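For reference, the structure is listed below as structure tokens.
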Amino acid sequence: MAKARKKVVENDNSEFFEALRLMEEERGIPQKFIAEKISDAIVVAARKDYGGSDIVSCVIDPENKIFTVTARKEIVDEVEDTFTQISKEDAAAIDPNSLEVGFVEIKLDPKKFGRVVAQNSKNNFRQGVREAERGQTLAEFQSRNRELVTAVVQKIDPKTGNAILTIGHSEATLPRLEQVPDEIINEGDHIKVYVVDVKETDRGARIMLSRTHPGIVKRLFEAEVPEIFDGTVEIKSISRQAGSRTKIAVWSSDEQIDAIGTCIGPKGARVNKIVEELAGEKIDIVKYSEDPTEFITEALSPAKVVSVEILSEEPKVCKVSVPEAQLSLAIGNKGQNVRLAAKLTGWKIDIHPESGFFGE
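For any residue, its number in the working numbering is found by taking its place in the sequence shown, counting from 1, and adding 13.
This is the structure we're talking about:
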């Protein structure tokens with residue numbers, strides 16, 4: 014009978030540790046953390062059987078599959094407190110060697126506290142699990158801060174337009190304002206998002222995601238162009254009007270490297286993949302230069318520039334002359350081209366026709 018009982022206990026423990034393993038696998042919560050919460054709950058529940066005395070300890074070791082609950086009682090000649098003390102005779106019956114150390118460890122059946130733990134510690138345990146999940150979310154996203162991640166769209170809020178995403182084991186929100194204008198996102202879609210920032214708040218991790226941030230363009234180029242990833246070609250600056258147009262300035266210290274051609278790729282293969290990921294957004298790749306005149310000229314591409322006159326170094330202001338036929342192209346639709354060029358270079362650009370006056 015004793016052997017049969019031992020086998021049942023071992024099986025029960027086996028099922029218990031398997032449950033811990035599944036929770037870690039499915040919800041990303043470490044077994045050790047869950048074990049600590051259950052252990053604390055058992056100790057709290059067991060105290061009631063000992064008049065509230067703190068003499069019970071619980072050890073749950075998922076790695077070595079150990080699950081023990083014990084109560085330590087002091088061995089005395091005359092028992093005055095039955096909760097914390099035990100007679101020599103009773104102690105010797107449990108463990109003859111205990112008389113030498115002055116206390117005895119009484120093994121308790123963990124199953125005895127199962128219902129009590131479930132009833133009295135459910136909220137505490139759930140709170141602990143939520144804390145663990147928040148901690149896991151924070152750690153997961155902190156490791157991906159300023160990085161590009163792939164997410165699955167779970168649902169779209171019909172009122173706000175915010176998208177609820179699943180990234181790994183975690184959920185996060187992509188606000189409507191951080192979505193590309195006119196881009197349609199559907200439930201079940203796999204999309205790439207940029208982790209702008211991760212902050213720890215009283216309510217847990219606050220994750221800021223974006224599809225409009227220039228960082229998403231930078232990470233896409235790093236993923237698609239090995240020369241950018243290994244540092245042969247460097248992205249100096251990016252300006253973006255999400256969903257419409259992006260300008261990116263690239264440079265290489267190796268004069269043998271065509272930085273622009275490298276980013277475009279054979280027959281435009283590299284840049285076309287990025288354009289496809291950004292739902293057709295136009296991308297102007299220009300050559301960076303430390304010479305502001307050259308850089309401003311490049312930044313205003315595809316318009317041709319006649320001259321660049323530096324008006325002020327601080328603040329950075331310049332006057333640019335373009336052929337009259339190129340004026341609208343240089344300015345761009347609703348000022349988009351000159352606005353993106355200014356943001357790319359850091360210069361305020363005042364555009365004038367070569368003739369010196371604007372036509373009607």
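Where a beta carbon is used, it is the ideal one built from N, C-alpha and C, also for glycine.
Keep in mind that this is a model prediction, so the values were computed, not measured.
Between the options, which has its C-alpha nearest residue i's C-alpha?
i, options, result
"Glu144", "Glu191, Ile68, Thr214", "Thr214"
"Pro123", "Gly348, Ser111, Pro315, Phe29", "Phe29"
"Asp271", "Ser250, Ile251, Lys300, Ala152", "Lys300"
"Ala185", "Asp170, Met221, Ile204, Arg159", "Met221"
"Glu160", "Ser302, Glu307, Arg232, Thr81", "Arg232"
"Thr179", "Glu153, Arg60, Lys78", "Glu153"
"Thr83", "Asp67, Asp94, Ala354", "Asp67"
"Gly281", "Phe234, Glu102, Gly256, Asn175", "Phe234"
"His365", "Pro109, Ile42, Val162, Glu337", "Glu337"
"Val206", "Val321, Arg34, Thr225, Ala218", "Thr225"
The alpha helix (DSSP H) with residue i in it runs from where to where?
i, result
"Gly217", "Careful: Gly217 lies outside any alpha helix (DSSP H), inside the beta strand (DSSP E) at 217 to 223."
"Ala262", "Per DSSP, Ala262 belongs to no alpha helix (DSSP H); it is in the beta strand (DSSP E), 258 to 264."
"Pro239", "239 to 242"
"Leu291", "No alpha helix (DSSP H) contains Leu291, which DSSP labels as neither H nor E."
"Lys50", "44 to 60"
"Val114", "111 to 114"
"Ile273", "272 to 277"
"Glu311", "305 to 312"
At what residues does the beta strand (DSSP E) containing residue i begin and finish?
i, result
"Ser156", "No beta strand (DSSP E) contains Ser156, which DSSP labels as neither H nor E."
"Ser66", "Segment: none, Ser66 is in no beta strand (DSSP E) and carries neither H nor E."
"Leu187", "183 to 187"
"Lys347", "From DSSP, Lys347 is part of no beta strand (DSSP E); its letter is neither H nor E."
"Thr214", "203 to 214"
On the premise that residue j lies in contact with residue i, defined as a C-beta separation below 8 Å, what is that separation, rounded to the nearest angstrom?
i, j, result
"Val288", "Ile277", "Contact doesn't hold; Cβ gap of about 11 Å is too wide."
"Ile204", "Ile197", "About 11 Å separates the two Cβ atoms, so there is no contact after all."
So if DSSP puts residue i in a beta bridge, which residue, or which two residues, is it bridged to?
i, result
"Gln98", "Glu87"
"Gln254", "Arg258"
"Ile169", "Ala176"
"Ser334", "Ser320, His365"
"His226", "His226 pairs with nothing; no bridge assigned."
"Val72", "Thr81"
"Asp297", "Lys260"
"Lys120", "Thr83"
"Ser325", "Val330"
"Ala164", "Ile204"
"Ile248", "Val263"
Stretch-stretch touch, CB-based, cutoff 8 Å, three pairs: the stretch 258 to 271 with the stretch 208 to 222:
Judged by Cβ distances under 8 Å, the stretch 258 to 271 makes no contact with the stretch 208 to 222, as fewer than three pairs qualify.
Given 8 Å as the limit, is there contact between the stretch 323 to 331 and the stretch 353 to 371, that is, 3 or more CB pairs closer than that?
Yes, the stretch 323 to 331 is in contact with the stretch 353 to 371.
Does the count of Cβ pairs from the stretch 264 to 272 and the stretch 241 to 248 closer than 8 Å reach three?
Counting C-beta pairs with one atom in each stretch, the stretch 264 to 272 and the stretch 241 to 248 have three or more that are closer than 8 Å, which means they touch.
For the 8 Å Cβ check, are there 3 or more pairs between the stretch 340 to 348 and the stretch 312 to 321?
Cβ pair count under 8 Å is three or more, so yes.
Inter-stretch contact at 8 Å, needing at least 3 Cβ pairs: the stretch 75 to 94 / the stretch 109 to 125:
Segments in contact, yes.
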